[in-house]
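Below is one structure, written out as structure tokens; comments come after it.
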Amino acid sequence: MFPLASITALGKVGLAIVEILIGVGFAIGLEISGFSNSYVLTGQFYFRNGRVIKSMFTAILVAMVLIFGSVALGLLDYDVIWVDPTYLWPGVVGGALMGIGIIIGGYCPGTSLVSSTALKKDAWFFVLGGLVGTFLFSETERLFHYFYNSSFYGRLTLMDVFHTHAGVVVFGMAVIIVATFWFNEWAVNKCKREDSEPCATPRWAPIATVAALLVAAGVWAIWPTWQQRWNQVAATQEPLLQQRQVQVSPAEVAVTLNKTKPLQTVIIDVRDDYSYNLFHLRWARHVPLSQLLAAAPEFRKIAKDTPTTVFIIVGNGEKQATEAWKMLVAEKVPNVYLLEGGLNEWIETFGEEDLAEGKIMEAKAAGDETLLNYYFEAALGDHYRSADMLADPENDEILEKIKDQFVPKIKVKGPSGPAGGGCG
Amino acid sequence: MAEKKSWFQKLIDRPRKPYANPYVGGAVLGVSLFLSLLLTANGLGASAIFARTNGFLVNLFAPHHVDQVPQLIKVAGGSKNPFNNWITWEVIGVILGAFASAVYFGRFKPETPRGPKVSEKGRWIMAFFGGMIFLYGARMARGCTSGQVLSGGATLSAGSWLIGLVMFAFAFATAAAVRKLWN
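Line order of the protein sequences matches chains A and B. Position one of the first sequence corresponds to residue -17 (my numbering), numbered consecutively onward. Position one of the second sequence corresponds to residue 6 (my numbering), numbered consecutively onward.
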């Protein structure tokens, strides 16, 4: 899978050569768009021409469709490529300064390098001024260090903001970009001035519009379901299920919940309302299987904020929990485990007192793995001694007894961050 | 008798060709950006080379000062070579590509593009201060038009889209405020 495959294959020298070639393509794209000339570049902002919007938004549209098409086909790992992190207010202030700077200076950093090479003298002065500006920033940053690092949202994507998958966002952005093109064409034609460049809307514009929207809709159409994504990772993940490396015994779960390890344990109860009301673990988050997919982004966020988070999925048996485990693994939630034997085994392990008190009764007849193997006097939820291994001091004894009776399976893996860096 | 031209003058004197359709130029940019992310995991960038050149220069004249400034430690702290980064190779490519394209299309000419009401020197001064403001903002926003608006835009970073919108809004507003600069 790219990009790690190519980074490994290319090596240091290969990557340097690829970077040079990418730089060549980058510069040619800017130069032929007219951005080796500040008068042409700033023409956009008086609608003398519409070149900046046309070129930049086409670039974004083309790259976006190619990136997310590749992600949908399982060729590219979106989690590994560089996505600019969001610092809200420093971004707003920086964006405002850049907007002022591009009009006064006539260039942006990339185009100033291209134009300097094309012997545009004003671009040389832009580069000099840019170095001074960079110097001033590095010298003054300490004065607003707090602001500069404030309103940090991490790797926040539009998918996180709109709570949907990338297929939908790609299509939505394509609609917005194409609408911007039409507005831009209209504005250039409307503001037609004697110094405007001839810029009639091309005859193929409607066809190009339909084609762009169809391609973006195609990304949406092939956006994989969680089952398809599971199939992409099944080769490495299925063995973990088969070798029972992710099925954690009730004893280990109880100890994990109690230990003051630097762990955050999130219990996810994926059963239906009926079973949940009868019996559930204290502090369990009730997310029925049908709603689990929608909750996956939230779990990813929890894991990102606290990388030492362990998710333990709880079912009556293992059947539903295994399904849920595959779902969360396919959705790239890290450190997911499931309760071995489900709550049936949990009650068998810790329910002695509850059984003795008659709150819980055995129901040997039940054979279905998705059902509870017990009768309950009433739907008491978590009001059982065995449902709460944290609060009841008498449980300490039990915990003490079991704490060495299992081979620990829970291992917290750190986050796999992007391999690259941004404009650092 | 015709004067013998130097090779450099020959490059400059190539006839000027019209610019390409910007939609085509944009497609070239888009494919370059996609290949960059696919093969190297990085997007495109430009302002980073300013930061690294700045780190290099400060390190040259005041090496002790580098270790006191967080922004400089990142690029030139200790024995770090500020140019030991992917951006250096990319910018070498940018210069090669810009040279080839500008020469081929006859746009490799020493000149100062400017609005009709602005003198050559006036334009230089504006370019200097504009560059200063832009790069100050680009450092604040942690990336410029290439790193944030293009790369972050295509990878659907929420912050990058916000930065791009604010930048365009301020560019249009500033353009209206200083019409004489370019008209």
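Just so you know, even glycine gets a beta-carbon here, dropped at the ideal spot from N, CA and C. For clarity, every value in this text was computed on a predicted model and none was experimentally measured.
| Asked | Found |
| --- | --- |
| Which of helix, strand or coil DSSP assigns to Glu359 (chain A) | coil |
| 8 Å CB neighbourhood of Met343 (chain A) in its chain, flanking five on each side removed | Leu337, Tyr356, Tyr357, Phe358, Glu359 |
| Within chain A, partners of Lys114 (chain B) - CB distance below 7 Å | Leu101 |
| Beta carbon proximity, Gly111 (chain B) to chain A, threshold 8 Å | no |
| Where the beta strand (DSSP E) through Val296 (chain A) begins and ends | 291 to 296 |
| Residues near Leu43 (chain A) by beta carbon distance below 7 Å, same chain, minus five either side | Ala156, Ile159, Ala194 |
| Close-in-space but distant-in-sequence residues of the same chain around Ala266 (chain A) (CB under 6 Å, 5 per side omitted) | Ile249, Asp251 |
| Exposed unless 16 or more other CB atoms sit within 10 angstroms - verdict on Asp18 (chain B) | exposed |
| Range covered by the alpha helix (DSSP H) that runs through Met309 (chain A) | 301 to 312 |
| Delimiting residues of the beta strand (DSSP E) encompassing Phe134 (chain A) | 134 to 136 |
| For Ile329 (chain A) and Thr238 (chain A), the rounded distance between their alpha carbons | 17 Å |
| Chain A contact for Pro87 (chain B) (CB, 8 Å cutoff) | no |
| Sequence-distant residues of the same chain with beta carbon closer than 6 Å to Gly406 (chain A), five excluded per side | The pLDDT assigned to Gly406 (chain A) is 49, lower than 50, so where the model puts this residue is not dependable, and the model offers no usable value. |
| is_contact[Phe117 (chain A), chain B] using C-beta, thresh 8 Å | yes |
| Assigned exposure category for Asp386 (chain A) - 16 Cβ within 10 Å defines buried | exposed |
| Reference Trp212 (chain A), options A:Ala148, A:Asp142, A:Val34, A:Ala54, closest by Cα | A:Ala54 |
| Per-residue contacts from Thr238 (chain A) into chain B (C-beta, under 9 Å) | The contacting residues do not exist; Thr238 (chain A) stays about 34 Å from chain B at best. |
| Where Val389 (chain A) falls: helix, strand or coil (DSSP) | coil |
| Near-chain A residues of the stretch 34 to 53 of chain B (beta-carbon distance less than 7 Å), N- to C-terminal order | Leu34, Gly35, Val36, Ser37, Leu38, Phe39, Leu40, Ser41, Leu42, Leu43, Leu44, Thr45, Ala46, Asn47, Gly48, Leu49, Gly50, Ala51, Ser52, Ala53 |
| Contacts around Cys90 (chain A), its chain only, beta-carbon distance under 6 Å, and the 5 residues preceding and following it disregarded | Ile84 |
| Beta carbon proximity, Glu95 (chain B) to chain A, threshold 8 Å | yes |
| Contact residues within the stretch 62 to 76 of chain A, judged by C-beta distance below 8 Å to chain B | Val62, Ile63, Trp64, Val65, Asp66, Pro67, Thr68, Tyr69, Leu70, Pro72, Gly73, Val74, Val75, Gly76 |
| Contact set for Thr139 (chain A): own chain, Cβ-Cβ below 7 Å, skip 5 residues either direction | Val65 |
| Candidates B:Glu95, B:Leu101, B:Gly30, of which the one nearest Ser15 (chain A) by Cα | B:Gly30 |
| C-alpha distance - Leu27 (chain B) paired with Asn188 (chain B), whole-angstrom precision | Reading off the sequence shown, one finds Pro at residue 27 (chain B), where the question assumed Leu. Each residue's alpha carbon lies about 22 Å from the other. |
| Boundaries (first-last residue) of the beta strand (DSSP E) holding Thr238 (chain A) | Careful: Thr238 (chain A) lies outside any beta strand (DSSP E), inside the alpha helix (DSSP H) at 232 to 240. |
| Cβ neighbour criterion (16 or more within 10 Å) applied to Asp59 (chain A) | buried |
| In DSSP terms, what Val248 (chain A) is bridged to | A:Phe293 |
| Closer than 9 Å at the beta carbon, the chain B residues around Lys36 (chain A) | Asn26, Pro27, Tyr28, Gly30, Gly31 |
| Chain A contact for Asn188 (chain B) (CB, 8 Å cutoff) | yes |
| Cα-Cα separation, Met145 (chain B) to Leu118 (chain A) | 11 Å |
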